[in-house]
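From first to last, the protein sequence lines stand for chains W and S. Under the UniProt record's numbering, the first residue of the first sequence carries the number 1, and numbering increases by one thereafter. Under the UniProt record's numbering, the first residue of the second sequence carries the number 1, and numbering increases by one thereafter. Reading through the structure tokens given below for one structure.
Number of protein chains: 2
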Amino acid sequence: MTTTRERRTQAERREGTIAALLDATVACLTERGYAATSTAAVCAEAGVSQGALFRYFPTRQALLVATAEHVATRNVEAFRTTVAGASVATADDVAAVLGHLRRAVLSPTNQTWRELLVAARADADLRVALHPARESLHAQMLAAAADLWGEHLGADDLAAVLSIVVNMLDGLAFSALDPDPTAPPGRTVERALRLLAEMIVRHYPSPMEQHA
Amino acid sequence: MTTTRERRTQAERREGTIAALLDATVACLTERGYAATSTAAVCAEAGVSQGALFRYFPTRQALLVATAEHVATRNVEAFRTTVAGASVATADDVAAVLGHLRRAVLSPTNQTWRELLVAARADADLRVALHPARESLHAQMLAAAADLWGEHLGADDLAAVLSIVVNMLDGLAFSALDPDPTAPPGRTVERALRLLAEMIVRHYPSPMEQHA
DNA sequence: TCACATAGAAAGTGAGCACTTGCTATCTAT
DNA sequence: ATAGATAGCAAGTGCTCACTTTCTATGTGA
């Protein structure tokens, strides 16, 4: 008695294997880090052989670049949905957005992206390969932020605020060494995010601000 | 005819070799990154044999932990001297401090510290080994910041401001992938630091602020 | 149905890894 | 001066790495 033999086209098998490899690479990078993400580890996680991996990705680096582009699109989508429709009229509003962004930034795909960025600092080839994805990511996040803040912020101010926010959140994510990233944020972090929200709304008061 | 034979005591030889190894590890970590910092690479950089390395550091990880503690003390000293005696009365003052801090954060010892922090995220042993140094670093930076801002900031506010500033600078350093870290900061970064300075002095006006 | 192309598994291969072993050179105490 | 200790070198050792080769299973076009 054989298990149900599902018939799949070549294209389906191919895409299924590639997707499994990309997901496994994300898992390995977040759980083990860049140095320990070997091709053998990825294949074990994905449940395929190394032969399968090297059929689709000629080198380990090609796999990592493909993974980077994979997570980059997911990250920008997460950023957009987190920010879409939110209000930034009051400090509470901005603080809420920052809190949601902080959680998004701790997701596996964001961890993966950062892990690859750090590795790219010491690897010229990886750096070049990641450059277009970086540009696209930045542009799309700027667009989403512009949508959030409306037009009463100049392009330069918008870019500056975005830089402060995302760099601070990235810095937080880098130094968050707890094994459980969904743990309570800690008082200092919460206060810092709250303070940043207050500073932003004070510096850029919304024209339609309404006090509760 | 032999070259000048300098006579050194055992302690001098020992300390010289250890210092060379620590410096070489810093160089390897900043130039090649964590994954490529092998014991062989460190020894080649230091000009000693692997036997010498393993005489003083029983494992590669022990070398990395020792290097972490080495750079941690240097980093806190750099932070203190950068901040010592500075004024935070005006936005220009704060912006200047942020600019100096940004350069300090891009130094090799700071790059090394960050590289090890990232590696610690995926390595439980390294994480616990680095924990005391992390605590000490944070406490000393808080003390230096308190010295800078005086007493008209509560401890909680001080910690929050410090968190915003150092996390944003760390985030900037992580995403600064230029081969030359001393390159001009770029307009967005400059504007972001300037904006952050303005927001801070507006939110926490110095009681003795004097307009030029 | 059957020649052919593609997907993927299994078992390599040399290079580089962390680390060890044994030996020589240098310093120190007597 | 010399015996013993320490510093440091050179050559291993087994293992894992990225990657290859070979071969089998499966889907595809005629």
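Heads up, the beta-carbon is just placed ideally off N, CA and C, and yes, glycines get one too. Small disclaimer: the values here were computed from a predicted structure and weren't measured.
Residues in its own chain within less than 6 Å of residue i by CB, not counting five upstream and five downstream?
i, result
"residue 93(S)", "87"
"residue 108(S)", "26 and 30"
"residue 91(S)", "197, 198 and 201"
"residue 137(W)", "72 and 76"
"residue 74(W)", "109"
"residue 18(S)", "56"
"residue 111(W)", "30"
"residue 102(S)", "169"
Going along chain W, which residues have a C-beta under 7 Å from residue i?
i, result
"residue 34(S)", "35"
Checking 8 Å against the spacing of the C-beta atoms, do residue i and residue j come in under that value?
i, j, result
"residue 116(S)", "residue 64(S)", "yes"
"residue 105(S)", "residue 169(S)", "yes"
"residue 98(S)", "residue 177(S)", "no"
"residue 48(W)", "residue 25(W)", "no"
"residue 70(S)", "residue 82(S)", "no"
"residue 218(S)", "residue 173(S)", "Since the displayed chain S opens at 1 and closes at 212, residue 218(S) lies outside it and no answer follows."
"residue 156(S)", "residue 191(W)", "yes"
"residue 40(S)", "residue 20(S)", "no"
"residue 89(S)", "residue 206(S)", "yes"
Could you tell me the alpha carbon to alpha carbon distance between residue i and residue j, rounded to whole angstroms?
i, j, result
"residue 118(S)", "residue 7(W)", "44 Å"
"residue 159(S)", "residue 52(W)", "51 Å"
"residue 197(S)", "residue 125(W)", "36 Å"
"residue 2(S)", "residue 9(S)", "Note on residue 2(S): pLDDT 34, under 50, position unreliable in the model; no value is reported."
"residue 127(S)", "residue 61(W)", "27 Å"
"residue 189(S)", "residue 175(S)", "11 Å"
"residue 152(W)", "residue 164(S)", "25 Å"
"residue 210(S)", "residue 149(S)", "Caution applies to residue 210(S), whose pLDDT of 47 falls short of 50 and renders its modelled position unreliable; the value that the coordinates give is listed next. Answer to the nearest angstrom: the Cα atoms are 15 Å apart."
"residue 183(W)", "residue 187(S)", "36 Å"
"residue 166(S)", "residue 11(S)", "39 Å"
"residue 13(W)", "residue 16(S)", "59 Å"
"residue 200(W)", "residue 139(W)", "21 Å"
"residue 113(S)", "residue 32(W)", "19 Å"
"residue 66(W)", "residue 57(W)", "9 Å"
"residue 34(S)", "residue 44(S)", "16 Å"
"residue 134(W)", "residue 120(W)", "12 Å"
"residue 122(W)", "residue 37(S)", "11 Å"
"residue 132(W)", "residue 59(S)", "39 Å"
"residue 195(S)", "residue 28(S)", "35 Å"
"residue 54(W)", "residue 171(W)", "35 Å"
"residue 185(W)", "residue 185(S)", "31 Å"
I want to verify the contact list: residues of chain W whose CB lies under 8 Å from the CB of residue i, in sequence order.
i, result
"residue 42(S)", "By Cβ distance, chain W contributes nothing, its closest Cβ being about 15 Å from residue 42(S), past 8 Å."
"residue 13(S)", "Those do not exist, as residue 13(S) stays about 32 Å from chain W at its closest Cβ, beyond 8 Å."
"residue 203(S)", "195, 198, 199 and 202"
"residue 71(S)", "Near residue 71(S) there are no residues of chain W at all, since even the closest Cβ is about 15 Å away, more than 8 Å."
"residue 103(S)", "Going along chain W, no residue has its Cβ under 8 Å from residue 103(S), so there is no contact; the nearest lies around 16 Å."
Starting from the beta carbon of residue i, find every residue of chain W whose beta carbon is closer than 9 Å, and list them in chain order.
i, result
"residue 57(S)", "Ordered by position in chain W, no residue passes the 9 Å Cβ test against residue 57(S), which lies about 18 Å from the chain."
"residue 188(S)", "156, 159, 160, 162 and 163"
"residue 135(S)", "Under the 9 Å cutoff, chain W gives no residues; its nearest Cβ is about 12 Å from residue 135(S)."
List, in chain order, every chain S residue whose beta-carbon is nearer than 8 Å to that of residue i.
i, result
"residue 152(W)", "In chain order: nothing, as chain S lies at least about 16 Å away."
So, at 7 Å on beta carbons, what are the nonlocal neighbours of residue i in its own chain, with the 5 sequence-adjacent residues on each side left out?
i, result
"residue 79(W)", "104, 141 and 144"
"residue 84(S)", "none"
"residue 212(S)", "For residue 212(S), the pLDDT reaches just 40, beneath the cut-off of 50, and the residue's location in the model is therefore unreliable, although a value from the coordinates is still provided. So no residue of the chain qualifies."
"residue 50(W)", "39, 40 and 43"
Under 7 Å between beta-carbons, which chain S residues line up against residue i? List them in chain order, please.
i, result
"residue 127(W)", "177"
"residue 168(W)", "164, 167, 168 and 171"
Identify, in the order they occur along the chain, each residue of the same chain with its Cβ nearer than 8 Å to the Cβ of residue i, setting aside the five sequence neighbours on each side.
i, result
"residue 162(W)", "141, 142 and 145"
"residue 204(W)", "149, 152, 153, 157 and 161"
"residue 4(W)", "Low local confidence applies: a pLDDT of 45 at residue 4(W) is under 50, so the model's placement there is unreliable, with the coordinate-based value given in what follows. Cβ within range, chain order: n/a, list empty."
Identify the contact partners of residue i in chain S, using a Cβ-Cβ distance below 9 Å as the criterion.
i, result
"residue 116(W)", "Here the premise fails: no neighbours, minimum Cβ distance about 11 Å."
"residue 191(W)", "156, 157, 159, 160 and 163"
"residue 174(W)", "114, 117, 118, 121, 167, 170, 171 and 174"
Shorter than 7 Å, the distance from the beta carbon of residue i to the closest heavy atom of the ligand SAH, or not?
i, result
"residue 39(S)", "Of ligands this structure carries none, so the ligand SAH is not represented either."
Legend entry - Runs of beta strand (DSSP E) wholly within the stretch 74 to 150 of chain W (minimum 3 residues, chain order): As far as the stretch 74 to 150 of chain W is concerned, it has no whole beta strand (DSSP E) run of at least 3 residues.
Legend entry - Segments assigned beta strand (DSSP E), at least 3 residues, entirely inside the stretch 146 to 198 of chain S: The stretch 146 to 198 of chain S is shown to contain no whole beta strand (DSSP E) run of 3 or more residues.
Inset, instruction - Mind listing, in chain order, the continuous alpha helix (DSSP H) runs of no fewer than 4 residues lying wholly within the UniProt DNA-binding region "H-T-H motif" (38 to 57) of chain S? - result: Counting only runs of at least 4 residues, the UniProt DNA-binding region "H-T-H motif" (38 to 57) of chain S fully encloses the following alpha helix (DSSP H) elements, listed from N- to C-terminal order: 39 to 46 and 50 to 56.
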